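Peer 1: Could you have a look at this structure, given as structure tokens, before my questions?
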Amino acid sequence: GDSVTQMEGPVTLSEEAFLTINCTYTATGYPSLFWYVQYPGEGLQLLLKATKADDKGSNKGFEATYRKETTSFHLEKGSVQVSDSAVYFCALSDQGTSYDKVIFGPGTSLSVIP
Amino acid sequence: NAGVTQTPKFQVLKTGQSMTLQCAQDMNHEYMSWYRQDPGMGLRLIHYSVGAGITDQGEVPNGYNVSRSTTEDFPLRLLSAAPSQTSVYFCASSYGSALYGYTFGSGTRLTVV
Numbered sequence: 021g022d023s024v025t026q027m028e029g030p031v032t033l034s035e036e037a038f039l040t041i042n043c044t045y046t047a048t049g050y051p052s053l054f055w056y057v058q059y060p061g062e063g064l065q066l067l068l069k070a071t072k073a074d075d076k077g078s079n080k081g082f083e084a085t086y087r088k089e090t091t092s093f094h095l096e097k098g099s100v101q102v103s104d105s106a107v108y109f110c111a112l113s114d115q116g117t118s119y120d121k122v123i124f125g126p127g128t129s130l131s132v133i134p
Numbered sequence: 607n608a609g610v611t612q613t614p615k616f617q618v619l620k621t622g623q624s625m626t627l628q629c630a631q632d633m634n635h636e637y638m639s640w641y642r643q644d645p646g647m648g649l650r651l652i653h654y655s656v657g658a659g660i661t662d663q664g665e666v667p668n669g670y671n672v673s674r675s676t677t678e679d680f681p682l683r684l685l686s687a688a689p690s691q692t693s694v695y696f697c698a699s700s701y702g703s704a705l706y707g708y709t710f711g712s713g714t715r716l717t718v719v
């Protein structure tokens with residue numbers, strides 16, 4: 021079945037450091053890919069998305085490119101801030117079914133220290 | 607503010623008790639779903655609904671019931687609580703396809719002792 025794998029955390033970075041969180045997926049069809057972010061004590065929020073190969077999703081300085089050849093959707097940010105501390109979830113949605121269920125990865129916790 | 611409202615935020619149950627987790631949204635979203643979040647496992651789909659009167663099972667439905675009598679409300683019922691149901695529960699809604707993105711509630715932290 022479809023699945024999402026993320027790099028294990030927690031990840032700790034200093035402010036202004038470069039961030040990469042790796043995400044790879046397995047899907048039978050042509051999924052859409054997402055990154056969600058969960059701040060402490062809150063529900064998940066959609067951060068960015070990409071719907072087809074080579075699409076780049078971007079939001080709030082974060083970027084991710086849909087790489088079909090490597091089945092990857094790595095999240096990047098050039099300069100992280102303390103306010104970026106959160107848990108990041110990679111997810112996919114395969115529209116091959118009657119209800120496009122979203123499958124989430126296990127999440128990667130990010131802590132940014134001043 | 608518009609969004610997904612979940613109640614209660616925290617709950618402690620004894621094994622065998624039943625309870626209902628409430629979820630309401632005021633965005634006129636057709637799709638609603640319940641997830642549970644456990645450490646190291648991400649979010650797993652319990653039940654979902656594509657409209658009033660229509661529900662279906664997700665990945666981990668055992669021990670839970672749902673109903674969708676209105677577009678706004680999607681309650682999750684625990685029939686006989688077990689310690690394995692200790693988790694954080696999230697309700698989510700979307701306008702239609704997942705491509706529009708889900709809006710999540712702030713969660714219910716449930717402990718079964």
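Protein chains in written order, with my numbering: chain A, 21 to 134; chain B, 607 to 719.
Yeah, the Cβ is synthetic: ideal placement off N, Cα and C, and Gly gets one too.
Small disclaimer: the values here were computed from a predicted structure and weren't measured.
#1: Does DSSP put B/TYR706 in a helix, in a strand, or in coil?
#2: With a threshold of 7 Å between beta-carbons, can A/GLU124 be considered close to chain B, or not?
#3: Looking at chain B, which residues of the stretch 26-45 of chain A have a Cβ within less than 8 Å of any of its Cβ atoms?
#4: Would you tell me roughly how many angstroms separate the C-alpha atoms of A/LYS88 and B/LYS620, rounded to the nearest one?
#5: Between the stretch 58-80 of chain A and chain B, which residues of the former have CB atoms less than 8 Å from a CB of the latter, in chain order?
#6: For A/ALA47, I'd like the list of residues in its chain whose CB is within less than 7 Å of its CB, leaving aside the five on either flank, ordered along the chain.
#7: Evaluate the contact criterion for the stretch 57-67 of chain A versus the stretch 626-638 of chain B: three or more CB pairs, one atom per stretch, below 8 Å.
#8: Please decide whether B/SER712 counts as near chain A, where near means a Cβ-Cβ distance under 7 Å.
#9: Measuring CB atoms only, is the stretch 662-676 of chain B touching the stretch 23-34 of chain A, in the sense that at least three cross pairs come out at less than 8 Å?
#10: Can the beta-carbon of A/GLU134 be found closer than 7 Å to that of B/GLY648?
#11: Quick check on B/GLN643: buried or exposed, where buried means 16 or more other Cβ atoms within 10 Å of its Cβ?
#12: Assuming contact is defined by CB atoms lying nearer than 7 Å, are B/THR613 and B/GLN623 in contact in what I supplied?
#13: For the beta strand (DSSP E) containing B/GLN623, list its first residue and its last residue.
#14: Using the three-state DSSP reduction, which class does B/ASP663 fall into: helix, strand or coil?
#15: Starting from A/GLY127, find everything on chain B with Cβ-Cβ shorter than 7 Å and list it in chain order.
Peer 2: In short:
#1: Walking along the second sequence from the start, residue 706 of chain B turns up at place 100. In the structure shown, B/TYR706 sits in a helix (DSSP, three-state: H, G or I).
#2: For the purposes of this step, residue 124 of chain A is taken as the residue at position 104 of the first sequence. Note that residue 124 of chain A is Phe in the sequence shown, not Glu. Yes - at least one Cβ of chain B is within 7 Å of the one on A/PHE124.
#3: none
#4: For the purposes of this step, residue 88 of chain A is identified with residue 68 of the first sequence, where counting begins at 1. For the purposes of this step, residue 620 of chain B is identified with residue 14 of the second sequence, where counting begins at 1. Looking at the two C-alpha atoms, the distance is approximately 48 Å.
#5: GLY61, GLU62, GLY63, LEU64, GLN65, LEU66, LYS69, THR71
#6: By 1-based counting over the first sequence, the position of residue 47 of chain A is 27. Counting only Cβ-Cβ distances below 7 Å, and skipping sequence neighbours, we find ASP22, LEU112, ASP114.
#7: no
#8: On the second sequence, residue 712 of chain B is found 106 positions in, with the first residue counted as 1. Answer yes: the Cβ-Cβ gap between B/SER712 and chain A drops below 7 Å somewhere.
#9: no
#10: To locate residue 134 of chain A, count along the first sequence from 1; it is residue 114. To locate residue 648 of chain B, count along the second sequence from 1; it is residue 42. Position check: residue 134 of chain A holds Pro in this sequence, whereas Glu was assumed. Contact: no.
#11: The residue labelled residue 643 of chain B in the question sits at position 37 within the second sequence. That one is buried.
#12: Indexing the second sequence from 1 puts residue 613 of chain B at position 7. Indexing the second sequence from 1 puts residue 623 of chain B at position 17. For B/THR613 and B/GLN623, no; Cβs fall outside 7 Å.
#13: Translated into positions along the second sequence, residue 623 of chain B becomes position 17. Where B/GLN623 is concerned, there is no enclosing beta strand (DSSP E), given that its DSSP letter is neither H nor E.
#14: What you label residue 663 of chain B is simply residue 57 of the second sequence in a count that begins at 1. First, the amino acid is wrong: residue 663 of chain B is Gln here, not Asp. Three-state DSSP puts B/GLN663 in a strand.
#15: Numbered from 1 along the first sequence, position 107 holds the residue referred to as residue 127 of chain A. By Cβ distance, chain B contributes GLY648.
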